[in-house]
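So for the sequence shown, the UniProt record's numbering puts the first residue at 1; every next one is plus one.
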Amino acid sequence: MGGGSSHILAKNWSLSSTVCNWIGVTCSSRHQKVAALNISSMDLVGLVPPQLGNLSFLVSLDLGSNTFRGNFPEEMSRLRRLKFLSCSSNELIGGIPLWLPQLPDLQYLLLDNNNFSGSIPRSLSNLSNLETFNLESNKLDGSIPEEIGNLRNLKSLSLSQNSFSGSIRLSIFNISSLQTVDYSYNDLSGELPADICNYLPELLYFSIYSIKLVVCYHQAA
1 MGGGSSHILA KNWSLSSTVC NWIGVTCSSR HQKVAALNIS SMDLVGLVPP
51 QLGNLSFLVS LDLGSNTFRG NFPEEMSRLR RLKFLSCSSN ELIGGIPLWL
101 PQLPDLQYLL LDNNNFSGSI PRSLSNLSNL ETFNLESNKL DGSIPEEIGN
151 LRNLKSLSLS QNSFSGSIRL SIFNISSLQT VDYSYNDLSG ELPADICNYL
201 PELLYFSIYS IKLVVCYHQA A
């Protein structure tokens, strides 16, 4: 652990009190198992503990705004109930974990502001419940997979400030639920449909390169 807020955890996370009373821990009322863990902004440093994979009832995990380094432990693939996963603003490295599609209920995936490298795995298209997908400000490259259009429940997609190249995948226009899209500060090319609003009726914001464009607004009847 680091200093500051991490000292609070060192004192509070004690065997003298039950886990469900620890700071950042929320337990389910039915089973009294850890259902949510929020240790964001706690000045934590080091590797992400592989023991997190033992929290089989975990639904929400927020590790954001710390100084976690290294790779995501593969043990986290056992968190089959997980719906929310954030490791925003850390120093994690390596590729986007290939085990992520083993989390079938995942709705929010926030991996922004790290040092992830490589390309987007095509298998992430199997996360059929995903609503928010944020990879901005990493070191990712390669082309954006066409299969991203299979994320039919996606509402927010942010891939800005990476080194993605190739064409803008027209398959995203199959995702009628999309509200925000950010491709800015990449090396993408291609054309957008002139009738983009017909394909994306919920779209509020579309950004490409360094220019932010509001494409259209959807107003409820």
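Backbone N, C-alpha and C define an ideal beta-carbon position, used for all residues, glycine too.
Helix or strand or just coil, what does DSSP make of residue i?
{"i": "F27", "result": "At residue 27 the sequence reads Cys, which differs from the Phe that was named. If DSSP states are grouped into helix, strand and coil, C27 belongs with the strands."}
{"i": "R78", "result": "helix"}
{"i": "F173", "result": "helix"}
{"i": "N138", "result": "coil"}
{"i": "S92", "result": "It is Leu, not Ser, that sits at residue 92 in the sequence shown. It is a strand residue."}
{"i": "L188", "result": "strand"}
{"i": "I148", "result": "helix"}
{"i": "residue 240", "result": "In the structure as shown, the chain begins at 1 and stops at 221. Residue 240 is therefore absent and cannot be evaluated."}
{"i": "Q219", "result": "Any answer about Q219 is weak, because its pLDDT of 46 lies below 50 and its placement is not dependable; what the coordinates show is given next. Q219: coil per DSSP, three-state reduction."}
{"i": "L15", "result": "coil"}
Just to confirm the assignment, what range does the beta strand (DSSP E) spanning residue i have?
{"i": "N21", "result": "Premise fails: N21 is in no beta strand (DSSP E) and is neither H nor E."}
{"i": "N38", "result": "34–38"}
{"i": "F68", "result": "67–70"}
{"i": "F57", "result": "Per DSSP, F57 belongs to no beta strand (DSSP E) and is neither H nor E."}
{"i": "S158", "result": "156–158"}
{"i": "L127", "result": "Careful: L127 lies outside any beta strand (DSSP E) and carries neither H nor E."}
{"i": "H166", "result": "According to the sequence shown, residue 166 is Gly rather than His. Per DSSP, G166 belongs to the beta strand (DSSP E) from 163–167."}
{"i": "D182", "result": "180–183"}
{"i": "L47", "result": "45–47"}
{"i": "I208", "result": "205–208"}
{"i": "S117", "result": "115–118"}
{"i": "S86", "result": "84–86"}
Do you know how far the Cα of residue j is from the Cα of residue i?
{"i": "P50", "j": "V34", "result": "16 Å"}
{"i": "L47", "j": "S65", "result": "14 Å"}
{"i": "L151", "j": "S17", "result": "42 Å"}
{"i": "Q179", "j": "N129", "result": "16 Å"}
{"i": "A221", "j": "I120", "result": "In this prediction, A221 has a pLDDT of 41, which is less than 50 and means its spatial position is unreliable; what the coordinates show is noted afterwards. Cα to Cα, the separation comes out at about 37 Å."}
{"i": "I39", "j": "P193", "result": "42 Å"}
{"i": "S137", "j": "F57", "result": "31 Å"}
{"i": "S77", "j": "L100", "result": "7 Å"}
{"i": "P104", "j": "R81", "result": "8 Å"}
{"i": "L124", "j": "Y185", "result": "22 Å"}
{"i": "I148", "j": "N71", "result": "24 Å"}
{"i": "G142", "j": "S89", "result": "22 Å"}
{"i": "L203", "j": "S177", "result": "8 Å"}
{"i": "S63", "j": "G118", "result": "For the record, residue 63 in the displayed sequence is Leu; it is not Ser. One C-alpha to the other measures close to 22 Å."}
Which residues mark the beginning and the end of the alpha helix (DSSP H) in which residue i is found?
{"i": "Y199", "result": "196–199"}
I'd like to know if residue i contacts chain B, where contact means its C-beta is closer than 8 Å to some C-beta of that chain.
{"i": "T26", "result": "No chain B is part of this structure, which consists of one protein chain only."}
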